[in-house]
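2 protein chains.
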Amino acid sequence: MKSYRSMTDSERRAELEAQQKRYAKEKAVGYKLDMSRGKPDATQLNLSMDMLQQNPYDLIYTRKGTDVRNYGELAGVDEAKELFGKVLGLEMENIIMGGQSSLALMYDTVIKAIVLGVCGGEKPWGQQGQIKFLCPTPGYDRHFRICEEFGIEMISIPMLSTGPDMELLRQYAESDPQVKGVWCVPKYSNPTGCTFSPETVEAFAALKPAADDFRIFWDNAYFVHGFRDTDDELVNIFEACKRHGSEDMVYEFMSTSKVTFSGAGVAVLAASRRNIEFLTRQMSVQTLGYDKINQLRHVRYFKDIDGLRNHMKKQADYLLPKFECALAALHTGLDDADIGRWTEPNGGYFISYEGLPGTARRCVQLCAEAGVKFTDAGACFPYGIDPEDKQIRIAPSYPSTQELYMSMNVFCICQKIAALEVLLREPTLD
Amino acid sequence: MKSYRSMTDSERRAELEAQQKRYAKEKAVGYKLDMSRGKPDATQLNLSMDMLQQNPYDLIYTRKGTDVRNYGELAGVDEAKELFGKVLGLEMENIIMGGQSSLALMYDTVIKAIVLGVCGGEKPWGQQGQIKFLCPTPGYDRHFRICEEFGIEMISIPMLSTGPDMELLRQYAESDPQVKGVWCVPKYSNPTGCTFSPETVEAFAALKPAADDFRIFWDNAYFVHGFRDTDDELVNIFEACKRHGSEDMVYEFMSTSKVTFSGAGVAVLAASRRNIEFLTRQMSVQTLGYDKINQLRHVRYFKDIDGLRNHMKKQADYLLPKFECALAALHTGLDDADIGRWTEPNGGYFISYEGLPGTARRCVQLCAEAGVKFTDAGACFPYGIDPEDKQIRIAPSYPSTQELYMSMNVFCICQKIAALEVLLREPTLD
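Residue numbers (our numbering), protein chains in the order written: chain Z, 2 to 431; chain F, 2 to 431.
(1) Note down the Cα distance separating GLN45 of chain Z from ASP79 of chain Z, rounded to an integer number of angstroms.
(2) If you follow the alpha helix (DSSP H) that ASP318 of chain Z is part of, which residue opens it and which one closes it?
(3) Between VAL180 of chain F and ALA212 of chain F, how many whole angstroms is the CB-CB distance? I'm expecting something under 8 angstroms.
(4) Count the other C-beta atoms from every protein chain shown that fall within 10 angstroms of the C-beta of ASN311 of chain F, then say buried if there are 16 or more, exposed otherwise.
(5) Just grab the DSSP bridge partners of LYS133 of chain F for me.
(6) Under 8 angstroms Cβ-Cβ, which residues of chain F neighbour THR288 of chain Z?
(7) So, at 6 angstroms on beta carbons, what are the nonlocal neighbours of PRO397 of chain F in its own chain, with the 5 sequence-adjacent residues on each side left out?
(8) Indicate whether at least one CB of chain Z lies closer than 8 angstroms to the CB of VAL269 of chain F.
(9) Could you give the distance in angstroms between the alpha-carbon of THR193 of chain F and the alpha-carbon of SER353 of chain F?
(10) The beta strand (DSSP E) that contains VAL251 of chain Z, what's its start and end?
(11) If distances are taken between C-alpha atoms only, which option among F:LYS209, F:LEU161, F:LEU321 comes closest to GLU175 of chain F?
(12) Are there three or more Cβ pairs, one per stretch, closer than 8 angstroms when the segment 376 to 394 of chain Z is compared with the segment 344 to 363 of chain Z?
(13) Between the alpha carbons of GLY39 of chain F and PHE134 of chain Z, how many angstroms are there, rounded?
(14) Taking Cβ positions, are TYR173 of chain Z and ILE217 of chain Z nearer each other than 8 angstroms?
(15) Is GLU123 of chain F helix, strand or coil when you go by DSSP?
(16) Which residues in chain Z sit within 7 angstroms of PRO57 of chain F, going by Cβ to Cβ distance?
(17) Using a Cβ-Cβ cutoff of 8 angstroms, what residues of the segment 114 to 125 of chain F are near chain Z? List them in chain order.
(18) Can you pull the chain Z neighbours of ILE294 of chain F, defined as C-beta to C-beta under 7 angstroms?
(19) Are the beta-carbon atoms belonging to ASN221 of chain F and ALA265 of chain F less than 8 angstroms from one another?
(20) So the candidates are Z:TYR62, Z:ASN47, Z:ASN410, Z:GLY341; which of them puts its Cα closest to the Cα of CYS368 of chain Z?
(21) Considering PHE382 of chain F, what are the terminal residues of the alpha helix (DSSP H) in which it resides?
(22) Assuming contact is defined by CB atoms lying nearer than 8 angstroms, are ASP292 of chain F and ALA43 of chain Z in contact in what I supplied?
(23) From which residue to which residue does the alpha helix (DSSP H) around VAL365 of chain Z run?
(24) Identify the residues that DSSP records as bridge partners of GLY227 of chain Z: which are they?
(25) Could you tell me which residues DSSP pairs with CYS413 of chain Z in its beta bridges?
(26) What do you get for MET2 of chain Z, buried or exposed, if any count of 16 or more other CB atoms within 10 angstroms of its CB means buried?
(27) Could you give the DSSP three-state label for MET284 of chain Z: helix, strand or coil?
(28) Could you tell me which residues DSSP pairs with VAL432 of chain F in its beta bridges?
(29) DSSP three-state label for LYS394 of chain F, please.
(30) From the DSSP output, in three-state form, read off GLY86 of chain Z for me.
(31) Report yes if the CB atom of GLU16 of chain F is closer than 8 angstroms to the CB atom of LEU421 of chain F, and no otherwise.
(32) Anything in chain F within Cβ reach of ALA380 of chain Z, meaning under 9 angstroms, just list it in chain order.
(33) Looking only at its chain, what residues have a beta carbon closer than 7 angstroms to the beta carbon of ASP142 of chain Z, apart from the 5 residues adjacent to it on each side?
(34) Does the segment 259 to 273 of chain F come into contact with the segment 182 to 200 of chain F, if we say contact requires no fewer than three beta-carbon pairs (one atom in each stretch) closer than 8 angstroms?
(35) Using only alpha-carbon positions, find the residue among F:ASP166, F:LEU170, F:LEU84 that is nearest to LEU270 of chain F.
(36) Rounded to whole angstroms, what is the Cα-Cα separation between PRO199 of chain F and LEU235 of chain F?
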């Protein structure tokens, strides 16, 4: 079959008619499928039930004898800080254990920076006029919503296969003192699935921001979420920062939302000792600590870093077929037409699809009308606006493989319709 | 024996010497006791272990079939909202389930009001110059620390046996638009143990604050924490507000920190539907929800409001002897000398002691030097300053009955020394 670009207009019209017929048939099925969020399904959640089966009397005392059922241990229990520190290549003194949402930790860190300022900063962010964040795009929609909520101006930085365009990012960060932060998902990035290259991490560590209260929000959500034999390697940014004396510039976040339970995991904030001290002081006004039984429950279940990795192997065995299924459907459905490209990640929760400019919103709308929900087109961009209207985030984890295959089939048909409509509006070259 | 006031100076000097001898003996024991915080002890925490013994497979699905292990149900699971709503005399639509700290919910509500504003407010609190909070004193130190952290000016309102001095409180709230809030612990108040009278609650509901973005922070921490046969009755403030059309003025908070586990409970925010809608919208930017397994764990364990009350009966049986022990020690140690008075609450976690002016800091210091730690003198007042230096908070829950008796004995000796020192500095009338 010919690619859509190489078709004449009459061939395109015939093809559009054929796809519209297929679409009508799919629509008539009355699907009710959700491909919009990167969330685990029930079977995947079952993989962690043993964690909840532990004898609760084994979950009372930390190794130093602290009763985790009581107040105390503001920054979390030692063994949790130690385990997650190891996972991130850090000491337990670099760790604060949070509640069950790393997003909440990030929000909290931003709002405190606005009202109270960051360690070493002269004034709170909120007293410095219009502040800005750098936003590698496509990126994680909920990061951008935090900025929008607080009126923080967002500057898009294109994502390359190696991570953000660091040359551009550096120019903004180093020239404008109103630029106070940057959002990153450095490993199996949401949504492109890329892992920042060693050069990219090095460039982050080497930043000399114009603002002395600039922070890198290093959202390492998929730190151990590879699902193929080859796991991407992410350089430890704190190691790189050490060489540049820039450790205070980084806040790293992670959680077990996609390790154990999205609704009942534990979250982690990692930072330099100076930052941890500063943040712990702030935290002492806010709370007497997060759920420590749940922290101990996690640590006693994983035992050590190998236990955590073995647990993630089970998750990988479960997720990989879903990704393969979605990718196969894309190949089968779209290779001939040649109207888009997509990422084939080694881990994480997303496939990023890029179609022809001007097709994304139309495609998502068509899918929705056929009962298949995708993440809103534009969601991965600041203010929800994809300037080229071409990117769509695909989240294969939640539907069953069967639902996934049906959804992706609908997706391919809708892509084709949207692409043909765009191509038919353009003057043909031949 | 004579009261200290009726003694001559020489009698006082002899008595001081006697007490100093007793003090030296106590000090030599080398105590290491902590009476500073209202926290449960291990035996008390054991009362809730059955909650953790539930089969985890019974804690997966809500009654409407939601998988609590996954994302979703931002404001909490229905059955939790329903149960805690009932406890507070409200509908589930008036409830947001939080994490395990009501303090964190309060902090969060204040910081969001500063940055984003409250429902119906014209501007965020942070954009209105110097704002103020009314602080019934003696009160809860951590409330005051939140104000201090954010530079909110604190205005002390004396606590009476019926609650805050409502006439004074009303004058401030209704005359000054910079007054944005008031802290309350309306039942078994921290530290006085008083419960606000129906008239006091009515007066709160009838407030017509000068600021249209004024909020009552109704920290109902001890909502079900009576430990005697007669439980104090607190009028439902929302019922009272309904009559005045002032429901939007109240944020109510509670938690199970002193019901199940201080380190792993659940917290609750209750408010008018309008406020809940507004706050849930803000919350949707911040997180995908708090730990829902723990919510379900709590509800399935209590089953209903009677289950919760029966559980608290066990706590009461455990706490009452500790309070009786502390009160007996105060009577035995101080009745004759007649140098102070104290509250004898029907519930909660504290006894509030008032000695002669100028004795509190000295007494706490003497106790500390003898190895018995009390809450810092002044802690129950804004900025940590008790203008009369006479109030001390006694928290009988954590030490064993034996430790408690020993601690209170030391306390009485130190009170006597401090009182005699003050009386000896005054000119004798006779």
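Quick reminder that beta carbons are idealized off the backbone N, C-alpha and C, glycines included.
All figures in this text were calculated on a predicted structure; none of them were measured in a lab.
Reading it off the structure:
(1) Using only the alpha carbons, I get a separation of about 29 angstroms.
(2) Where ASP318 of chain Z is concerned, the enclosing alpha helix (DSSP H) stretches over 306 to 335.
(3) Between VAL180 of chain F and ALA212 of chain F, the beta carbon gap of about 6 angstroms places them in contact (Cβ cut-off 8 angstroms).
(4) By the neighbour-count definition (other C-beta atoms within 10 Å, threshold 16), ASN311 of chain F is an exposed residue.
(5) DSSP lists F:GLU154, F:VAL180 as partners of LYS133 of chain F.
(6) Per Cβ cutoff of 8 angstroms: SER102, LEU104, ALA105, TYR108.
(7) LYS323, PHE324, ALA327, LEU405.
(8) At a cut-off of 8 angstroms, the C-beta of VAL269 of chain F has no neighbouring C-beta in chain Z.
(9) Distance between the alpha carbons of THR193 of chain F and SER353 of chain F is about 5 angstroms.
(10) Its beta strand (DSSP E) spans residues 251 to 256.
(11) When the alpha-carbon of GLU175 of chain F is set against those of F:LYS209, F:LEU161, F:LEU321, the nearest one is in F:LYS209.
(12) Yes, the segment 376 to 394 of chain Z is in contact with the segment 344 to 363 of chain Z.
(13) Going from the Cα of GLY39 of chain F to the Cα of PHE134 of chain Z covers about 42 angstroms.
(14) Their beta carbons are not under 8 angstroms apart, which means TYR173 of chain Z does not touch ILE217 of chain Z by this criterion.
(15) GLU123 of chain F: coil per DSSP, three-state reduction.
(16) Residues of chain Z with a Cβ closer than 7 angstroms to the Cβ of PRO57 of chain F are, in chain order, MET50, LEU53, GLN54.
(17) Correct list: ILE115, VAL116, LEU117.
(18) In chain order: PHE262, GLY264, ALA265.
(19) No; because the gap between Cβ atoms is not below 8 angstroms, this pair is not in contact.
(20) When each option's Cα is compared against that of CYS368 of chain Z, the closest is Z:ASN410.
(21) PHE382 of chain F -> no alpha helix (DSSP H), and no H or E assigned at all.
(22) Inclusion of ASP292 of chain F and ALA43 of chain Z in the CB contact set at 8 angstroms is not warranted, their separation being larger than that value.
(23) Per DSSP, VAL365 of chain Z is one residue of the alpha helix (DSSP H) stretching across 361 to 370.
(24) Answer is Z:GLY348, bridged to GLY227 of chain Z.
(25) CYS413 of chain Z is bridged by DSSP to nothing; it lacks a bridge partner.
(26) The residue is exposed, with fewer than 16 neighbouring Cβ atoms inside 10 Å.
(27) DSSP places MET284 of chain Z in helix when its eight states are reduced to three.
(28) Examination of residue 432 of chain F is not possible in this model, given that chain F is present from 2 through 431 alone.
(29) It is worth fixing the name first, because residue 394 of chain F is Arg in this sequence and not Lys. ARG394 of chain F sits in a strand when the DSSP states are folded into three classes.
(30) If DSSP states are grouped into helix, strand and coil, GLY86 of chain Z belongs with the helices.
(31) A contact, by the Cβ cut-off of 8 angstroms.
(32) The contacting residues do not exist; ALA380 of chain Z stays about 14 angstroms from chain F at best.
(33) Counting only Cβ-Cβ distances below 7 angstroms, and skipping sequence neighbours, we find ALA380, CYS381.
(34) The answer is no - the segment 182 to 200 of chain F does not touch the segment 259 to 273 of chain F, with fewer than three Cβ pairs under 8 angstroms.
(35) Ranking F:ASP166, F:LEU170, F:LEU84 by Cα distance to LEU270 of chain F puts F:LEU84 first.
(36) The straight-line gap from Cα to Cα measures roughly 7 angstroms.
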